[in-house]
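Novice: In my numbering, the protein residues as written are 25 to 634.
Each residue gets a CB set at the ideal place from its N, CA and C atoms; glycine is no exception.
A single structure is presented below for examination.
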């Protein structure tokens with residue numbers, strides 16, 4: 025950790041000096057974030073390291089799915105077993121897929137059996153914005169929020185009712201269609217959207233590494249639907265619903281053949297929420313919600329069903345925000361979660377129940393900002409789990425802020441880890457984590473920069489083979505992010521140095537598929553109706569299990585660097601042409617051993633109404 029303190033101190037000083045010399049504060053309104061405290065606040069006022077990706081940024085990227093968009097963000101890594109729609113793994117500050125909580129409109133959509141969310145099945149067509157909160161957040165959201173929280177907000181109607189359409193095509197037989205209609209009529213907001221994406225793809229596994237794999241193309245089809253309806257009965261009183269469903273049909277490979285075998289999967293990720301929000305007096309805001317998140321994966325070999333698992337997260341939530349004074353907010357809440365599974369695998373149990381009480385306070389004392397969150401949960405299968413968060417911010421100047429936080433979070437064992445026949449261990453304990461972080465923020469006009477030192481100590485880490493609680497792991501590093509405008513260019517940059525290590529007696533080794541160094545740089549400029557951008561993504565060497573000899577053999581994956589280009593041409597007040605060129609130099613590299621990645625590909629799209 026001392027090496028990261030030295031490195032972080034130098035980088036923080038460099039960030040602060042460079043911005044103090046060049047930045048010109050502008051009178052701009054900040055974006056608003058809700059995930060960092062479960063209530064609205066300016067992003068520059070949030071104590072955790074937060075990123076917001078807006079609808080405009082999603083459109084300008086030209087990306088098809090969520091992982092492609094997120095891989096440029098500080099602290100975020102992912103690997104994928106082939107192309108679009110194939111199984112992916114998400115890492116945030118070195119935390120694994122089942123240690124990163126993903127919400128869709130506030131709804132858990134993770135699988136009870138794996139603990140992971142099928143982020144690779146979430147296309148960008150129906151997404152309004154994405155918020156990323158890094159660091160332990162179990163005190164706000166419960167199990168799984170070890171590396172942080174990724175919350176996806178779907179589109180809803182605003183302003184005069186209008187339609188938007190998009191049609192696109194590109195390499196590898198890729199084509200897409202999207203339609204959306206929404207707006208406001210009196211006190212009612214509404215929206216409905218439908219989209220379809222299909223691609224012939226490429227072979228998921230490299231047959232030179234795994235000769236038993238089928239060398240044919242592995243395609244993907246996705247059909248997504250979203251809808252929302254909200255009605256304001258009176259000032260401060262509103263009821264509504266939001267629905268999102270993403271269904272995929274994916275072709276994939278097996279490294280163990282035979283080469284003539286075909287493998288297909290059917291996937292579904294869905295989120296439904298019903299809510300009632302009431303302003304009870306001037307200082308009390310109450311929100312009741314009923315949510316359900318669903319996850320489905322079924323696999324077929326040569327057309328015959330091999331396995332099918334459907335899990336659901338049904339949650340009741342009652343949150344109350346009480347304004348004690350100016351800039352002093354108290355939160356009290358109760359949540360009840362029911363998780364269930366129906367599968368061709370005989371787990372022996374069909375679900376678990378969780379009850380949670382939570383309390384929080386957020387406020388200011390002069391130049392000091394404070395956030396305190398407490399949560400106590402009772403699990404029907406292993407008992408009680410407690411978590412907390414204590415964050416502090418100090419406004420050193422009008423632009424510079426010091427931040428620090430201590431937190432405790434946890435992850436409940438999944439049903440695969442607990443009860444999978446011949447494999448699970450019902451005696452597992454939850455993973456428990458202690459977090460510490462500190463850093464510096466610069467915010468002025470278009471510039472927002474953060475430099476953060478972080479450290480998380482995981483105890484009772486769950487080992488996958490065999491499934492037992494091993495000693496611990498350490499996730500530590502330095503994380504930098506910056507977005508701003510210089511000399512007519514819009515810039516986004518991120519850089520992460522980390523050392524995620526598994527600690528056992530006689531063993532200290534880096535966790536799989538995590539690089540010690542990775543980052544991104546995006547440069548954009550507008551000239552009249554034309555806007556162009558260039559994006560560079562780079563990562564250092566990583567380790568992975570050998571595709572056919574796991575878990576007994578590890579192999580090194582080389583570092584890589586790729587370039588993506590995008591351009592947007594306004595053809596009128598309501599229409600535009602967009603182009604994206606992925607992997608401009610057709611670089612061959614690996615995100616997971618033995619699996620191919622996207623080569624050079626051009627995507628074109630015509631949009632109306634945006």
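1. What would DSSP say about residue 515, mapped onto helix, strand or coil?
2. Going by beta carbon distance, what residues of the same chain come within less than 6 angstroms of residue 559, once the five residues before and after it are set aside?
3. Please list the terminal residues of the continuous beta strand (DSSP E) segment that includes residue 542.
4. Measure the alpha-carbon distance for residue 261 versus residue 71 and round it to whole angstroms.
5. How is the beta strand (DSSP E) around residue 74 delimited, first residue to last?
6. How many angstroms separate the CA atom of residue 541 from the CA atom of residue 497?
7. For the pair the segment 192-202 and the segment 251-267, tell me if three or more CB-CB distances fall below 8 angstroms.
8. Pick out whichever of 163, 347 and 152 has its Cα sitting closest to the Cα of residue 266.
9. Helix, strand or coil for residue 618, going by three-state DSSP, please let me know.
10. With DSSP as the reference, label residue 593 as helix, strand or coil.
11. Taking only three categories from DSSP, how would you classify residue 169?
12. Compute the Euclidean distance between the alpha carbons of residue 118 and residue 181, then round it to the nearest angstrom.
13. Output needed for residue 355: all residues of its chain with C-beta closer than 6 angstroms, excluding positions within five of it in sequence on either side, in chain order.
14. Look up residue 100 in the DSSP assignment and say whether it is helix, strand or coil.
15. Nearest CA to the CA of residue 69: which residue from 554, 518 and 466?
16. Around the Cβ of residue 276, are there at least 16 other Cβ atoms within 10 angstroms (buried) or fewer (exposed)?
17. Taking DSSP as the reference, what is the three-state secondary structure of residue 226?
18. What's the C-alpha gap between residue 614 and residue 519?
19. Run through the DSSP bridge pairs and tell me what residue 603 is partnered with.
20. Helix, strand or coil, according to DSSP, for residue 598 in the structure here?
21. Let me know the secondary structure DSSP gives residue 56 once reduced to three states.
22. The beta strand (DSSP E) with residue 440 in it runs from where to where?
23. As a quick exercise: from 82, 321, 493 and 476, pick the residue whose alpha carbon is nearest that of residue 456.
24. Within 10 Å of its beta-carbon, does residue 184 have 16 or more other beta-carbons around it, so buried, or fewer, so exposed?
25. Indicate whether residue 192 and residue 628 have their beta-carbon atoms separated by less than 8 angstroms.
26. Might you give, ordered along the chain, the residues of its own chain that have their beta carbon closer than 8 angstroms to the beta carbon of residue 529, omitting 5 neighbours on each side?
27. Under 6 angstroms Cβ to Cβ from residue 231, same chain only, skipping five residues before and after it: list those, please.
28. Provide the residue(s) that pair with residue 95 in DSSP beta bridges, ordered along the chain.
29. As a quick exercise: from 514, 484, 596 and 83, pick the residue whose alpha carbon is nearest that of residue 548.
30. Note down, in chain order, each residue of its chain lying with its Cβ closer than 6 angstroms to the Cβ of residue 302, except the 5 sequence neighbours on either side.
31. Relative to the alpha-carbon of residue 295, which residue among 505, 150, 616 and 170 has its alpha-carbon at the smallest distance?
32. Helix, strand or coil for residue 142 per DSSP?
33. Pull up the DSSP beta-bridge partners for residue 568, would you.
34. Since residue 414 sits in a beta bridge, which residues does DSSP pair it with?
35. Which of the three DSSP states is assigned to residue 4 in this structure?
36. Classify residue 506: buried if its beta carbon has 16 or more other beta carbons within 10 angstroms, exposed otherwise.
Specialist: Taking the coordinates as given:
1. In the three-state DSSP reduction, residue 515 falls in the strand class (E or B).
2. 546 and 588
3. Counting along the chain, the beta strand (DSSP E) containing residue 542 begins and ends at 541-551.
4. 30 angstroms
5. 74-77
6. 18 angstroms
7. no
8. 152
9. coil
10. strand
11. Here residue 169 sits in coil by DSSP.
12. Cα to Cα, residue 118 sits roughly 37 angstroms from residue 181.
13. Same-chain partners within the cutoff: 345 and 384.
14. strand
15. 466
16. Counting other Cβ atoms within 10 Å of its Cβ, residue 276 reaches 16 or more and is therefore classed as buried.
17. Residue 226 falls in the strand class under three-state DSSP.
18. 20 angstroms
19. Beta-bridge partners of residue 603 (DSSP): 591 and 628.
20. coil
21. Three-state DSSP puts residue 56 in a strand.
22. Note, residue 440: premise wrong, no beta strand (DSSP E); alpha helix (DSSP H) at 439-443.
23. 493
24. It is exposed - the Cβ of residue 184 has fewer than 16 other Cβ atoms within 10 Å.
25. yes
26. 495
27. So the list reads 237 and 239, once near-sequence residues are dropped.
28. According to DSSP, residue 95 bridges with nothing at all.
29. Comparing Cα positions, the closest option is 514.
30. 261 and 310.
31. 150
32. coil
33. 579
34. Partner(s): 396 and 430.
35. Nothing in the structure corresponds to residue 4, since the chain is present only between 25 and 634.
36. buried
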